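In this note's numbering, the protein residues as written are 2 to 408. Backbone N, C-alpha and C fix where the C-beta goes; we use that ideal spot for every residue, glycine too. Bear in mind the structure is a predicted one, so any value in this text is a computation, not a measurement.
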Amino acid sequence: MTTSRASIIVPASGMGLYVHVPFCKTKCPYCDFNTYQGIENLMEPFLPSLKAEIQSWGETLAHPAVTSIFFGGGTPSYLPPGYIEQILASIQSSYQVDSGAEITIEANPGDLDAAACAGILAQGVNRLSIGVQSLDNDLLNLLGRRHQASEAVDAFQAARKAGFDNVNLDLMYGLPNQSIHQWRKTLDSLTSLEPEHISLYALTLEEGTPMHRWAEEGKIPEPDPDLAADMYQYARESLAAAGYHHYEISNWSLPDRACGHNLVYWENGPYLGVGPGAHSRLGDWRFWTVLSPRDYNTKATAWAQSGIQPADDLVETVLESVQTLGGWEHLGPETICSETMFLGLRLLDGLNLSGASARTGVDMAGKFQAPIQECIDLGLLVRDGDCLKLTESAYLIANQAFTRFLG
2 MTTSRASIIV PASGMGLYVH VPFCKTKCPY CDFNTYQGIE NLMEPFLPSL KAEIQSWGET
62 LAHPAVTSIF FGGGTPSYLP PGYIEQILAS IQSSYQVDSG AEITIEANPG DLDAAACAGI
122 LAQGVNRLSI GVQSLDNDLL NLLGRRHQAS EAVDAFQAAR KAGFDNVNLD LMYGLPNQSI
182 HQWRKTLDSL TSLEPEHISL YALTLEEGTP MHRWAEEGKI PEPDPDLAAD MYQYARESLA
242 AAGYHHYEIS NWSLPDRACG HNLVYWENGP YLGVGPGAHS RLGDWRFWTV LSPRDYNTKA
302 TAWAQSGIQP ADDLVETVLE SVQTLGGWEH LGPETICSET MFLGLRLLDG LNLSGASART
362 GVDMAGKFQA PIQECIDLGL LVRDGDCLKL TESAYLIANQ AFTRFLG
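Here's what the structure looks like:
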């Protein structure tokens, strides 16, 4: 591929591409993402607006290589039939998508019958991430999920029947009134399905969400961190016994099935986000799109009509011309080095210090000698030659290590 101009912004090895779909049939009471319910009237104009932004970035970046595509939200599976296919066609025409690119879509179990799974697969998606969250109906009701436990199992089986051979299942733990018995039953049932990938997330009551308010009002109990730790430990033991590799603090996979797109984030690699509220990191910049779907639709169309020219470099004047952006931040060497350290340490096989030094151009072992030694003395990290990694006892308190690498 030709990289004479694009290589300054996106390396020849490519970037990840995140597509944010802000629509939900119902918004879950624990969710603080940029998602909305009741704005289905904006779906129709959203499609050409998103395609316009995709094409505008493709021209600006001189059609760079893409190694992974991730449709998140929101609920991408809530989009009308054919939307994903059109979006992927726009991506294919605007970027150089690797022939083996991982293409993931997040889906609600209630959206996944046999026909829907077959349709998603036919549109070019090769990895499915299903938001199961629990296999207990009472807990699903508490979480505001619009599916029952049996529907989650049916959705997985429909995906398998359609031909999906790369499926992730999301589960939440540390939920109000959730017992260790419920957790074990849910996790064991999920593991018996043999998905390629499992993601486990402890409930966090984010300020401004209904569940945070319910806890403040005493309507639900606060999460119990000790019980959540017991649940996490059971997951580590049972998933290891089932053959899953614990490769990131919250993620497990069968051999060679780690999420390639998320690895871009953890390795502090380049990625572009499109859609309302999507974040990007390219070159020495972090930037994000406007939050409002209505504003986004207007601005994406206007940007596409403004006369796009390939950028020789990603500088502030270029970002100022991108009408969909809500803001940006220049990343200095200190920030890049710090983020490379604490993102890389989320990977449980560890951070290769020489590799991190090569990527940043800084001697990372020397730069962070003091915090590395402090974390080792505290039992948070262990070092084996060039490899630095969390100790097993630090998995749930990893932030105590990460904060020591912040400037």
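Rounded to the nearest whole angstrom, the CA to CA distance from Phe288 to Gly356 is 26 Å. With respect to the 7 Å criterion, Ile70 and Leu129 are not classified as neighbours on the basis of their beta carbons. Selection Leu397, Ile337, Ala117 evaluated against Lys368 yields Ile337 as nearest (Cα-Cα). Residue pairing from DSSP places Thr290 in a beta bridge opposite Leu326.
In the DSSP annotation of this structure, Phe406 is not part of any alpha helix (DSSP H), being labelled neither H nor E. The C-beta of Gly345 has 16 or more other C-beta atoms within 10 Å across all chains shown, which makes the residue buried.
Excluding residues up to 5 positions away in sequence, Trp304 lie with their Cβ nearer than 7 Å to the Cβ of Val323 in the same chain. Less than 7 Å separates the beta-carbon of Val20 from that of Val275. Burial check for Tyr202: the Cβ neighbour count within 10 Å stays below 16, so the residue is exposed. Boundaries for His213: no beta strand (DSSP E) harbours it, while the alpha helix (DSSP H) harbouring it runs 211-217, taken from the DSSP string. The secondary-structure analysis by DSSP pairs Asp385 across a beta bridge with Cys388. Excluding five sequence positions before and after Leu352, the CB atoms of its chain that fall closer than 6 Å to its own CB belong to Gly345, Leu346, Leu389, given in chain order. For a cut-off of 8 Å, the C-beta gap from Asp314 to Ser239 is around 50 Å, too long to register as a contact. Cα atoms of Phe406 and Trp267: separation of roughly 15 Å, rounded to the nearest angstrom. Taken atom to atom, the span from the alpha-carbon of Tyr31 to that of Arg147 is near 14 Å. With distances taken between CA atoms, Gly308 lies nearest to Gln56 out of Gln56, Ala90, Lys28.
Note on the stretch 124-178: whole beta strand (DSSP E) runs with a minimum of 3 residues are 128-134, 168-174, in chain order. As computed with DSSP, Glu107 is found in a beta bridge with Ser130.
Spatial neighbours of Thr392 in its own chain (CB-CB distance under 8 Å, excluding positions within 5 residues in sequence) are listed in chain order as Gly380, Leu381, Leu382, Val383. Lys52 sits close to Ser91, with the two beta carbons spaced by under 7 Å. Secondary structure note for Val275: its beta strand (DSSP E) is the uninterrupted segment 272-275. Judged by beta-carbon spacing, Ile40 lies beyond the 7 Å limit of Phe72, meaning their Cβ atoms are not closer than that value. Spanning the alpha carbons of Ala102 and Val67 requires a straight line of approximately 7 Å.
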